[in-house]
Each structure stands twice: as C-alpha cells, then as structure tokens.
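Residue 79 in our numbering sits at position 84 of the sequence shown; the count goes up by one each step and never skips.
Heads up, the beta-carbon is just placed ideally off N, CA and C, and yes, glycines get one too.
For reference, the structure discussed in these notes is given below.
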Amino acid sequence: MSYAFQDLLPGNHCWGCGPEVEDGLKIRSFWDGDKATCTWTPRLEFAAGPKHIVYGGAIASGIDCHSIFTAIAETYKKEGREVGEGDIIWYVTASLKITYKKPTPIDQPLTMTANVTELGERKALIHCSLVSGGIETATGEMVAVRVSNDWYYADSKE
-4 MSYAFQDLLP
6 GNHCWGCGPE
16 VEDGLKIRSF
26 WDGDKATCTW
36 TPRLEFAAGP
46 KHIVYGGAIA
56 SGIDCHSIFT
66 AIAETYKKEG
76 REVGEGDIIW
86 YVTASLKITY
96 KKPTPIDQPL
106 TMTANVTELG
116 ERKALIHCSL
126 VSGGIETATG
136 EMVAVRVSND
146 WYYADSKE
C-alpha cells in the first residue's frame, strides 16, 4: 500500500498539508516513478474573485507543500530510508517563485508534479508543475533548506 508522504511524519500541523488539519488544503504527495505527484480538488472557499477560478494564494500554498514534501521524500530516498523512518527529515521554504500561466478552473482536479533538480547537504531546488484539464496553469521554483529536529520539535519543549 502506498502512503502519502505527509501521513508518515506525525505532528505536521501545516494548513496546506497537515493530515489532521480539518479546514486545510489536504495536499497529499506520492511517488510516481522519479517524480512526486499530488491530485488535489479545490473547494469553493479557495476561489479567487470569480468563483470559477482558484485563488492564487491557494495555488502557491499547494505548490509550497507539495514541493517541500518532494524534497523531504527525495532526501529520505538518498539516505536509503523510507519516509518517516529514523530521525525525521524536515525542510523549510527559503524562496518560492510562482509563475501563473493561465487561470486555474476550480471545478476539476488539479495535478501537481514535482522533482528535485538539485540536492545538497542542506539545500534542495525543486520544480513543480500544476496542470488542470491537461493544461499547465502554474509552475513553482523552490529553494528549500533542511532544518534540524530541534526546529521540528520546538513546540513540544514549551
């Protein structure tokens, strides 16, 4: 059985991809060959001004979450581990450039495909493409930085 990367790291409270966050985007990423994919169906509350188009901020959040988890999963793979096995690997967004190519319809599933284009000791570069109805409507270029477990568990020390 294949599990979403996000479901394998307990305690993820991210609005975009946290498994237990009820009102979030519910981004779930899986391997598809050497790329990570996510199919997401936006809800009406993620509409832009016109109700038939997805709000750009929701698109950016989805690309952000999917790209971060692509970096996490790729690093686990590089280290010869399954996602969630052993010490937790976590990245944060250092920069994210979104290019909106066309309006993204809200009434159909969206597919994000991401791959790590460069992976160093602490930094990953990720490219993500968002497709709706067979048309690429947005892309993202991310620089992600690996952080320590202290960052991930900081709220449990209070």
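Inset, instruction - May I ask you to report which of helix, strand or coil DSSP gives residue 158? - result: Residue 158 lies beyond the range of the chain shown here (-4 to 153); nothing can be said about it.
Inset, instruction - For the region 7 to 27 and the region 89 to 105, state whether three or more C-beta atom pairs, one from each stretch, are separated by less than 8 Å. - result: no
Inset, instruction - Would you check if the region 33 to 47 and the region 83 to 103 touch, i.e. whether three or more CB-CB distances between them fall below 8 Å? - result: yes
Legend entry - Exposed unless 16 or more other CB atoms sit within 10 angstroms - verdict on residue 65: The residue given as residue 65 occupies position 70 in the sequence shown. Counting Cβ neighbours within 10 Å, residue 65 comes out buried, since at least 16 surround it.
Inset, instruction - Measure the Cβ-Cβ separation of residue 94 and residue 134 and say whether it is below 9 Å. - result: Indexing the sequence shown from 1 puts residue 94 at position 99. Indexing the sequence shown from 1 puts residue 134 at position 139. Yes, Cβ-Cβ distance for residue 94 and residue 134 is below 9 Å.
Inset, instruction - Alpha carbon to alpha carbon, how far is residue 68 from residue 77? Give it in angstroms, no decimals. - result: Here residue 77 refers to the residue found at position 82 when the sequence shown is read from its first residue. Here residue 68 refers to the residue found at position 73 when the sequence shown is read from its first residue. Taking the straight line from one Cα to the other gives about 8 Å.
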